[in-house]
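Visitor: Okay, handing you the structure first.
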Amino acid sequence: MTEARQSILDTAIDQDPSTLKVRQTIFRSILAGMPIDEALISEVTGLGNSVVRSTVDRLVAAGIATTDAGEGVRRSVDGSEGLTVRSSRHSIVISGKELHTWCAFDVVGIPAALGLDTTGSTQCPTCGTEIELMMRGGEVVDSGAIGWWPSASGGPVIEAFCPSASIFCNRSHLEEWRVTTGAEGAPRTLMELAEAGRSTWASFTAIE
Ligand SMILES: [Zn+2]
-11 MTEARQSILD TAIDQDPSTL KVRQTIFRSI LAGMPIDEAL ISEVTGLGNS
39 VVRSTVDRLV AAGIATTDAG EGVRRSVDGS EGLTVRSSRH SIVISGKELH
89 TWCAFDVVGI PAALGLDTTG STQCPTCGTE IELMMRGGEV VDSGAIGWWP
139 SASGGPVIEA FCPSASIFCN RSHLEEWRVT TGAEGAPRTL MELAEAGRST
189 WASFTAIE
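Shown next, in the form of structure tokens:
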């Protein structure tokens, strides 16, 4: 399971210190339920507007951030590293705030990396049932659900990986979907997804 040891987020973009600072600043804001505009990113990080602008552009191109339609420094980042304030079919309640995620993996992986208590949910792609995903202190409260780890072959993370990083009611619903879609990848237990999450979001565990 080598892919669990490297972060699909970190490998999507150059890891220079200012890029990391921008990513952490954005993630912290989204985690608190707030989009963050470029003027504020600049203020918090101490980086100039043009550096922030080009960094956000690169994050969007890599598929690890999304922005609203704001102009100039008023453009806001509204999604970061899998976590988003936009609506999606995956939800997660963190410290009483309801947020959404880009895929089912995030609902397990983010609290696993950050050691959080969360209540989340996702929809089984086969039958549409809401699957509840509880985490306690970053550990999976196990259910019969089973995840899918897509073999993404490059491209923006939000487009190449997220759409099929799903969680299913059970193994038979996963198999049904796999046969129908011919998807490339492998099944993962929720515990394995939590483990993969700890490496995927390792750059975000030390932010206050
Ligand atoms: Zn199902």
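Those letters in the sequence shown? Residues -11 to 196, by the numbering used here.
Every residue, glycine too, gets a C-beta built ideally from N, C-alpha and C.
No experiment lies behind these values; they were computed from the predicted model shown.
What residues sit near ligand 1, counting only those whose C-beta is closer than 6 Å to one of its heavy atoms, in chain order?
Guide: 112, 114, 115, 117, 156, 157, 161
Visitor: Give the straight-line distance between the Cα atoms of residue 178 and residue 73, rounded to the nearest whole angstrom.
Guide: 24 Å
Visitor: In terms of alpha-carbon separation, which member of 26, 90, 33 lies closest to residue 8?
Guide: 33
Visitor: By the DSSP assignment, the beta strand (DSSP E) with residue 12 in it spans what residues?
Guide: No beta strand (DSSP E) holds residue 12; the alpha helix (DSSP H) holding it covers 5 to 19.
Visitor: With distances taken from CA atoms, which of 104, 63, 144 is nearest residue 193?
Guide: 104
Visitor: Apart from the five residues on each side of it in sequence, which residues of its chain come closer than 7 Å, Cβ to Cβ, to residue 82?
Guide: 19, 104, 106
Visitor: What is the rounded straight-line gap between the Cα of residue 13 and the Cα of residue 163?
Guide: Their Cα atoms are separated by approximately 39 Å.
Visitor: Look up residue 71 in the DSSP assignment and say whether it is helix, strand or coil.
Guide: Three-state DSSP puts residue 71 in a strand.
Visitor: When you compare only the Cα positions, how much space is there between residue 60 and residue -2?
Guide: 26 Å
Visitor: Kindly provide the ranges of any alpha helix (DSSP H) runs that are 4 or more residues long and lie completely inside the region 147 to 195, ordered along the chain.
Guide: 159 to 169, 178 to 188
Visitor: Report yes or no: do three or more beta-carbon pairs, one from the region 111 to 125 and one from the region 146 to 166, lie closer than 8 Å?
Guide: At 8 Å Cβ cutoff, the stretches touch.
Visitor: With distances taken between CB atoms, is the gap from residue 125 to residue 93 smaller than 8 Å?
Guide: no
Visitor: Could you round the C-beta distance between residue 101 and residue 190 to whole angstroms and report it? I think they count as a contact, below 8 Å.
Guide: 6 Å
Visitor: Just the C-alpha distance for residue 99 and residue 170, rounded to the nearest angstrom, thanks.
Guide: 30 Å
Visitor: Would residue 97 be called buried (16 or more neighbouring beta carbons within 10 Å of its own) or exposed?
Guide: buried
Visitor: Near residue 75, which residues of its chain fall below 7 Å by C-beta distance, leaving aside the five closest residues on each side in sequence?
Guide: For residue 75, same chain residues with a beta-carbon under 7 Å away, outside a window of 5 residues either side, are 88 in chain order.
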